[in-house]
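Trainee: Dumping the structure here so I can ask a few things about it.
2 protein chains.
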Amino acid sequence: MNSNDSRETAADLAANAALLEMAEVLGLSALLDRAAPFTLDEVSAAAGIPDAGALSFLQVLLAAGLVEQGADARHFAPCADMADRRYEAGYLAWALNANRPYIDHAAEFLRAPGAAGGKYRRDGRRVAVSSRWIGSYGFYPGVISEITSRKPRRIVDLGAGAGGLLIHLLTALPGSTGLALDISAAACEEAERAARRAYVHDRLTVVNRSIESLVDDAGPVRDADVVHAGFVMHDMVRDPEVSDGILRTCHESVGAGGCLVVTDAVPYVGNPRERAFSALFTYLHASSMGVRLPAEDQWRAAFQRAGFSDVTSTPLRMPGSRVFVATG
Amino acid sequence: MNSNDSRETAADLAANAALLEMAEVLGLSALLDRAAPFTLDEVSAAAGIPDAGALSFLQVLLAAGLVEQGADARHFAPCADMADRRYEAGYLAWALNANRPYIDHAAEFLRAPGAAGGKYRRDGRRVAVSSRWIGSYGFYPGVISEITSRKPRRIVDLGAGAGGLLIHLLTALPGSTGLALDISAAACEEAERAARRAYVHDRLTVVNRSIESLVDDAGPVRDADVVHAGFVMHDMVRDPEVSDGILRTCHESVGAGGCLVVTDAVPYVGNPRERAFSALFTYLHASSMGVRLPAEDQWRAAFQRAGFSDVTSTPLRMPGSRVFVATG
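The listed protein sequences correspond, in order, to chains G and A.
Per this note's numbering, the first sequence starts with residue 1, numbered consecutively.
Per this note's numbering, the second sequence starts with residue 1001, numbered consecutively.
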């Protein structure tokens, strides 16, 4: 019996991810993430379950070490390193839950990707939630510091989803305004609601349109100091006809002092830290989503064709991810 | 960007588990686990996909480091530490894939466990595969060394499933015979086939019956030197009326020189190495399977009521697991 004294890391990560996924299903993620004590009543109310059920779920969180007991039997607090547990769980939830249809039908995707792609789709909510958990340490911190350091007056986020990044940025930059563009009407409605909850709705415009539509109408990116695009440009950069138009529009809009910030992934990064997850990410995009991730030099060439004279690329913590900053 | 130089353990484990799950779906696990080189032709044949598809899947395994390139483009070998990767992936596959219905319907299981239990069932194959991966280092080595050290002439496995443990033991003990008992007809048929493939079918009897049936007919355990039961007795030990009869039958059958070996789990083990996975395992059994795991003293009391005078309990590597050896 080796490793009896050392930690069983895989068992720990698997258990914590399963418990945090259950907490998400029960509507408890916000309580766990706010880094403050909470009560049994709050858990019962958030999950819509009686006290006995809430207590039995809290018992497993306590036993696993994800939650600590508070002053009495009805008070609790998230563990001090919940943010680390959340980040780790993101990779497991993304790989094994959000991508489940691609795993279970791996043979069909290899035999007939087109037909399989039409038949088996990922659950958008599972993708969004797990991506946000990964992003908490995997890419948001790098993107946020990159953008806030430039003190932009106006920020546009292409493929903004539920607006989380922009709302964070506008809260940090109280004099700035922003525009969230997304093709999903449901995501746009969620962004409107989230902006009101965060009291930034008077500074945030939400536009329900495709990124491709910028070629015909540059309105949404006009006057932007920073245009950000997170994990949405890889669909376009391989097709110069589509991407060149979008990127040129961004270049004209941000002008000489502004910049385009693209957070995305490059394919099959080979170093020990990135290789496993980068391989999975690259393979699933190619085999199951019809997306061949552009290599770093293809990203650079696309930005330069659009008129940007200076392009930097910096690795973020999520294996395979890079933040490109295009200026000039 | 912290941890840029250190490994992203959660990302690595998640990626490897997703890739090994895909390989399992493609029918490639046996090739990957045999610790010997293999060819592209073997991969195409096993997966039933054309060479191009097989190559693209091998590319991601190579990129992730799960497979290494052989002498030429059509030859490959599993990575040297595949057994570790397989073991780790077992925890992720069990927690997040095999138990998926319990995660996705966590609220219903808390509100009305009976109704939810009838509606949402686990996929037996996903449970069996992920349990076998965990068991590879998590409990089989401890059980195998415990049993083989006793050089038993006859071994009976209760809840033997597809017979993997018994076939391994009979291969290691060429003078011994065995009996595999399982309530699943499909598992029994698989055990018969596996025994023929391993050339131990002349020494292995397969019996398709419930463990409870031993109370009325002790035939299957008669003359056994060792009776083993892996993760099947916890359903019974809490109900003395059922379990006492089964355990007494085992005690009478093995006699003074034999023993009963029970591999199972105890609830909510609190030490740092075991607490997270033990908490998940305990909670899922109670909330979603109606099984309250007996505590260590309840296990001991049950063995003693059945007539065993000596009981030892040893932790195995899987958090929360124990091997009980009852003799005398």
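Cβ atoms here follow ideal geometry from the backbone N, Cα and C, with glycine treated the same way.
Fair warning: this is a prediction, and the values are worked out from it, not measured in the lab.
By the 9 Å beta-carbon criterion, what residues does the stretch 90-104 of chain G contribute toward chain A?
Mentor: Of all residues in the stretch 90-104 of chain G, 90, 91, 92, 93, 94, 95, 96, 97, 99, 100, 102, 103 and 104 have a Cβ within less than 9 Å of some Cβ in chain A.
Trainee: Could you tell me whether the Cβ of residue 1049 of chain A comes closer than 8 Å to any Cβ of chain G?
Mentor: Within the second sequence, numbered from 1, the residue matching residue 1049 of chain A stands at position 49. True, the Cβ-Cβ gap to chain G drops below 8 Å.
Trainee: According to DSSP, simplified to helix, strand and coil, what is residue 3 of chain G?
Mentor: If you number the first sequence from 1, residue 3 of chain G lands on position 3. Caution applies to residue 3 of chain G, whose pLDDT of 43 falls short of 50 and renders its modelled position unreliable; the value that the coordinates give is listed next. It is coil, neither helix nor strand.
Trainee: If contact means a Cβ-Cβ distance below 9 Å, which residues of the stretch 1291-1304 of chain A contact chain G?
Mentor: So nothing in the stretch comes that close.
Trainee: What does a CB cutoff of less than 8 Å around residue 19 of chain G pick up in its chain, not counting 5 residues either side in sequence?
Mentor: The count along the first sequence starts at 1 and reaches residue 19 of chain G at position 19. Around residue 19 of chain G: 60, 61, 64 and 66.
Trainee: Along chain G, in chain order, which residues have C-beta atoms closer than 9 Å to that of residue 1268 of chain A?
Mentor: Walking along the second sequence from the start, residue 1268 of chain A turns up at place 268. Ordered by position in chain G, the residues that pass the 9 Å Cβ test against residue 1268 of chain A are 59, 60 and 63.
Trainee: Starting from residue 53 of chain G, find everything on chain A with Cβ-Cβ shorter than 8 Å and list it in chain order.
Mentor: Taking the first sequence and counting its residues from 1, one reaches residue 53 of chain G at position 53. Correct list: 1110 and 1111.
Trainee: With 8 Å as the threshold, decide whether the Cβ of residue 77 of chain G is near any Cβ in chain A.
Mentor: What you label residue 77 of chain G is simply residue 77 of the first sequence in a count that begins at 1. Closer than 8 Å: no.
Trainee: Which of the three DSSP states, helix, strand or coil, is assigned to residue 37 of chain G?
Mentor: Here residue 37 of chain G is taken as the residue at index 37 of the first sequence, counted from 1. In this structure, residue 37 of chain G counts as coil in the three-state DSSP scheme.
Trainee: Buried or exposed for residue 282 of chain G, please, with buried defined as at least 16 other CB atoms from any protein chain shown within 10 angstroms of its CB.
Mentor: Translated into positions along the first sequence, residue 282 of chain G becomes position 282. When all chains shown are included, residue 282 of chain G counts as buried.
Trainee: By alpha-carbon positions, which one of A:1088, A:1322, A:1278 and A:1049 ends up nearest to residue 1261 of chain A?
Mentor: Position 261 of the second sequence, counted from the first residue, corresponds to residue 1261 of chain A. When only C-alpha atoms are compared, the closest one is A:1322.
Trainee: Among the candidates A:1327, A:1292 and A:1287, whose CA atom is the shortest distance from the CA of residue 1306 of chain A?
Mentor: Here residue 1306 of chain A refers to the residue found at position 306 when the second sequence is read from its first residue. For the residues A:1327, A:1292 and A:1287, the minimum Cα distance to residue 1306 of chain A belongs to A:1327.
Trainee: Tell me, please, which residues DSSP counts as bridged to residue 1155 of chain A.
Mentor: On the second sequence, residue 1155 of chain A is found 155 positions in, with the first residue counted as 1. In DSSP, residue 1155 of chain A forms a bridge with A:1178 and A:1226.
Trainee: Going by other Cβ atoms of all chains shown within 10 Å of its Cβ, with 16 needed for buried, is residue 1 of chain G buried or exposed?
Mentor: On the first sequence, residue 1 of chain G is found 1 positions in, with the first residue counted as 1. Caution applies to residue 1 of chain G, whose pLDDT of 40 falls short of 50 and renders its modelled position unreliable; the model cannot decide the point.
Trainee: Between the alpha carbons of residue 3 of chain G and residue 1016 of chain A, how many angstroms are there, rounded?
Mentor: Reading the first sequence from its first residue, position 3 is the one you call residue 3 of chain G. Reading the second sequence from its first residue, position 16 is the one you call residue 1016 of chain A. Low per-residue confidence applies at residue 3 of chain G: pLDDT is 43, beneath 50, and the placement is therefore not dependable, though the value from the model is reported in the following sentence. Cα to Cα, residue 3 of chain G sits roughly 21 Å from residue 1016 of chain A.
Trainee: Quick one: what does DSSP say residue 1055 of chain A is sitting in, helix, strand or coil?
Mentor: In the second sequence, residue 1055 of chain A corresponds to position 55, counting from 1. Helix.
Trainee: Determine, using beta carbons only, whether residue 1042 of chain A comes closer than 8 Å to chain G.
Mentor: Numbered from 1 along the second sequence, position 42 holds the residue referred to as residue 1042 of chain A. Closer than 8 Å: no.
Trainee: Decide if the stretch 1210-1227 of chain A is in contact with the stretch 1193-1200 of chain A; the criterion is three or more beta carbon pairs, one per stretch, under 8 Å apart.
Mentor: The stretch 1210-1227 of chain A, when compared against the stretch 1193-1200 of chain A, does not touch it at the 8 Å Cβ threshold.
Trainee: Give the interface partners of residue 277 of chain G over in chain A, defined as CB-CB distance under 8 Å, in chain order.
Mentor: One-based indexing of the first sequence puts residue 277 of chain G at position 277. Residues of chain A passing the Cβ test: 1008, 1011, 1012, 1014 and 1015.
Trainee: 8 Å is my cut-off, CB to CB: does residue 74 of chain G come that close to chain A?
Mentor: On the first sequence, position 74 is the one that residue 74 of chain G refers to. Not closer than 8 Å to any Cβ of chain A, the Cβ of residue 74 of chain G fails to qualify, so no.
Trainee: Would you mind telling me which residues of chain A sit closer than 7 Å to residue 22 of chain G, beta carbon to beta carbon, in chain order?
Mentor: If you number the first sequence from 1, residue 22 of chain G lands on position 22. Result: 1103 and 1106.
Trainee: Tell me whether residue 1354 of chain A is buried or exposed, calling it buried when 16 or more other Cβ atoms sit within 10 Å of its Cβ.
Mentor: Here chain A has residues from 1001 to 1328 only, and residue 1354 of chain A is not among them.
Trainee: Hey, is residue 1220 of chain A's beta-carbon within less than 8 Å of any beta-carbon in chain G?
Mentor: Taking the first residue of the second sequence as position 1, residue 1220 of chain A is located at position 220. Output row for residue 1220 of chain A: interface = no.
Trainee: For residue 143 of chain G, which residues in the same chain have their Cβ closer than 8 Å to its Cβ, ignoring the five residues on either side in sequence?
Mentor: If you number the first sequence from 1, residue 143 of chain G lands on position 143. Answer for residue 143 of chain G: 165, 228, 230, 261, 263, 316 and 323, listed in chain order.
Trainee: Taking 8 Å as the cut-off, does the stretch 179-188 of chain G touch the stretch 150-163 of chain G (at least 3 CB pairs, one atom from each stretch)?
Mentor: Touching, yes, given that three or more Cβ pairs across the two stretches are closer than 8 Å.
Trainee: Does the Cβ of residue 287 of chain G have 16 or more other Cβ atoms within 10 Å, making it buried, or fewer, making it exposed?
Mentor: Counting from 1 along the first sequence, the entry for residue 287 of chain G is found at position 287. Per the 10 Å Cβ criterion, buried.
Trainee: Using C-beta distances below 6 Å, list every residue in its chain close to residue 335 of chain G, excluding the 5 sequence neighbours before and after it, in chain order.
Mentor: Residue 335 of chain G is absent from the structure shown; chain G starts at 1 and stops at 328.
Trainee: Does the Cβ of residue 1297 of chain A have 16 or more other Cβ atoms within 10 Å, making it buried, or fewer, making it exposed?
Mentor: Sequence index remark: in the second sequence, residue 1297 of chain A carries index 297 (1-based). Exposed is the call here.
Trainee: Which of the three DSSP states is assigned to residue 305 of chain G in this structure?
Mentor: One-based indexing of the first sequence puts residue 305 of chain G at position 305. Of the three classes helix, strand and coil, the one that applies to residue 305 of chain G here is helix, per DSSP.
Trainee: Are the CB atoms of residue 1167 of chain A and residue 1155 of chain A nearer to each other than 8 Å?
Mentor: As a working mapping, residue 1167 of chain A is identified with position 167 in the second sequence. As a working mapping, residue 1155 of chain A is identified with position 155 in the second sequence. Cβ atoms of residue 1167 of chain A and residue 1155 of chain A: not closer than 8 Å.
Trainee: With residue 284 of chain G as the anchor, note down where its alpha helix (DSSP H) starts and where it stops.
Mentor: Residue 284 of chain G sits at position 284 when you count from the first residue of the first sequence. Looking at the DSSP string, the run of the alpha helix (DSSP H) that includes residue 284 of chain G is 275-288.
Trainee: Could you pull out every residue in the same chain whose Cβ sits closer than 8 Å to the Cβ of residue 1172 of chain A, ignoring the five residues on either side in sequence?
Mentor: Taking the second sequence and counting its residues from 1, one reaches residue 1172 of chain A at position 172. For residue 1172 of chain A, where only same-chain residues beyond five positions count, the Cβ hits under 8 Å are 1144 and 1148.
Trainee: Got a sec? Which residues, its chain only, sit under 8 Å from residue 1249 of chain A by beta carbon, not counting five neighbours each side?
Mentor: On the second sequence, position 249 is the one that residue 1249 of chain A refers to. The answer, listed in chain order, is 1214, 1215, 1218 and 1221.
Trainee: Along chain A, which residues have their Cβ under 7 Å away from the Cβ of residue 46 of chain G?
Mentor: Indexing the first sequence from 1 puts residue 46 of chain G at position 46. Correct list: empty, because the minimum Cβ distance to chain A is about 11 Å.
Trainee: Report the rounded CA-to-CA distance for residue 86 of chain G versus residue 196 of chain G, giving the unit in angstroms.
Mentor: Counted from its first residue, the first sequence places residue 86 of chain G at position 86. Counted from its first residue, the first sequence places residue 196 of chain G at position 196. Cα to Cα, residue 86 of chain G sits roughly 26 Å from residue 196 of chain G.
Trainee: Would you kindly check if the distance between the Cβ of residue 26 of chain G and the Cβ of residue 57 of chain G is under 8 Å?
Mentor: For the purposes of this step, residue 57 of chain G is identified with residue 57 of the first sequence, where counting begins at 1. For the purposes of this step, residue 26 of chain G is identified with residue 26 of the first sequence, where counting begins at 1. Cβ distance < 8 Å, so residue 57 of chain G and residue 26 of chain G count as in contact.
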